[in-house]
Structure formats: C-alpha cells, structure tokens
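Take any residue in the sequence shown, note its place counting from 1, add 3, and you have its number in this note's numbering.
The beta-carbon is built from N, C-alpha and C at its ideal position, and this holds for glycine as well.
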Amino acid sequence: MSTSSVSGDPFRGSPFDLNKLEAKNAILAHNWWAIGLRGLAAIIFGLIAVFQPGVTILSLVLVFAIFAAVDGIATIVAAVRAARQGEAWLFLFLAGLVKIAAGAFAAFWPGITALIFVAVFGAGEVVGGALTFGSALDLKEDHGRWWLALGGLLAVVFGLFLLLTPVIGAVVLTWWVGIYAIALGIVELILAFRLHARHVEHPPLAHPQGA
C-alpha cells in the first residue's frame with residue numbers, strides 16, 4: 004500500500020471516512036421500506052387521533068402502543084441490517100429500543116393517567132428524535148438528509164412541548180398528537196421515497212463469494 008493513499012485521506016478509518024459514509028448511505032437507501040412503514044404507521048395513528056378526538060385516554064394509549072411497537076421494530080430491523088454490513092447501527096438500534104419500551108409500557112399499563120401518558124410519550128419522542136437527528140448526520144443530502152433531520156427535530160420539539168405543558172385536556176391532547184403524527188409520517192414517507200429513488204439508481208453491489 005502506497006503512502007500517498009494513506010496521506011490523501013486524513014479521515015481514513017474515522018467516522019468521516021468517505022468510504023464508510025458511502026456504505027452507510029447505501030444501507031439506509033436499501034432500508035427505505037422500513038422508514039416508509041414507520042411513516043405509514045404514523046399517519047394512520049394520526050388520522051385515528053384527529054378524526055376520533057372523543058376517544059378515551061385508554062383507547063389512545065393502546066393505539067399508541069401499537070404504533071410505537073411497529074415504529075420500533077422497523078427501526079431495529081434497519082439497525083440490524085446495518086450491523087450485518089459492518090456499519091454504524093447504534094443510533095438506530097437505541098431509537099428502536101426507546102420506542103418499543105414506550106409502547107410496552109403503554110401496553111402493559113393501559114390504565115395510566117393522561118399525565119403519565121404525556122410524560123412517557125414526550126420523553127420517548129425527545130430521546131428517539133435526538134437519536135434520529137444524530138443518524139441524519141451520516142446521510143447524504145441527495146438521500147434525504149434534511150428530511151431525516153427534520154423528522155428528528157419535529158420529534159424533539161413536540162416531545163419538549165408535551166413535557167413542558169403536560170396538563171391539557173384529553174381532546175386537545177388527542178388533536179395535538181394526531182397532527183404531529185401525521186406531519187411526522189409525511190416527512191418519513193418523503194424520506195422513504197427519496198431513499199428508494201437512490202436505491203434504484205445505485206443498487207448495492209453483491210459481495211463476492213469466497214472473498
């Protein structure tokens with residue numbers, strides 16, 4: 004190996020290694036369907052909340068539990084596929100665990116009060132959103148970096164809003180959650196379409212066997 008190849012890339016072997024960043028972008032593009040599934044689940048959850056504002060907190064908690072489980076599983080699947088390729092997976096995996104934990108909490112304790120539900124939901128969105136925003140740093144702009152970052156930022160802002168204003172009526176809470184979920188779902192669907200387009204244009208190369 005020539006010394007010029009080493010000195011030519013001062014970030015070689017670091018998180019900013021261009022070869023590593025290209026591989027991470029390819030993996031995210033390959034997992035476009037998981038992000039699309041998350042977006043679809045968010046929109047369905049949001050529509051239920053907006054058009055059924057009279058639902059009880061119990062019903063809203065149960066619907067949230069299902070949404071969080073689907074969202075978390077899809078995120079972990081993407082993280083596992085990234086890990087199998089030897090690429091960064093921790094942010095995605097942690098975000099998935101946070102969402103599944105929030106969903107499990109809601110599923111096993113569906114009778115929790117509105118105040119506790121708001122706190123759990125808000126905290127989950129802040130942590131999950133921050134991790135999502137962090138994972139956007141590795142995504143190329145033409146792969147939808149800003150859409151992924153926007154999704155993470157929306158989650159953080161809405162989570163903080165819930166934590167800072169927890170005492171609101173059940174119907175108002177349902178509306179806010181529904182509108183947020185629809186907005187987040189639209190952002191994630193746009194991101195999924197962007198990633199799918201990049202995946203079609205640049206399909207991953209098959210690994211040579213016996214290498």
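Counting along the chain, where does the alpha helix (DSSP H) carrying residue i start and finish?
{"i": "W92", "result": "Element bounds for W92: n/a, residue is neither H nor E."}
{"i": "W36", "result": "35-54"}
Is the CB-CB distance between residue i and residue j below 7 Å?
{"i": "F108", "j": "V123", "result": "yes"}
{"i": "L192", "j": "G42", "result": "yes"}
{"i": "A72", "j": "G106", "result": "yes"}
{"i": "G155", "j": "V129", "result": "no"}
{"i": "V180", "j": "P113", "result": "no"}
{"i": "G39", "j": "A195", "result": "yes"}
{"i": "A104", "j": "T78", "result": "no"}
{"i": "A37", "j": "A81", "result": "yes"}
{"i": "R87", "j": "N34", "result": "no"}
{"i": "G2", "j": "V101", "result": "There is simply no residue 2 to check, as the chain begins at 4 and stops at 214 in what is shown."}
{"i": "L165", "j": "G125", "result": "yes"}
{"i": "W150", "j": "V190", "result": "yes"}
**Request:** State whether the stretch 32-47 contacts the stretch 177-191, with contact taken as three or more CB pairs (one from each stretch) at a distance under 8 Å.
**Result:** yes
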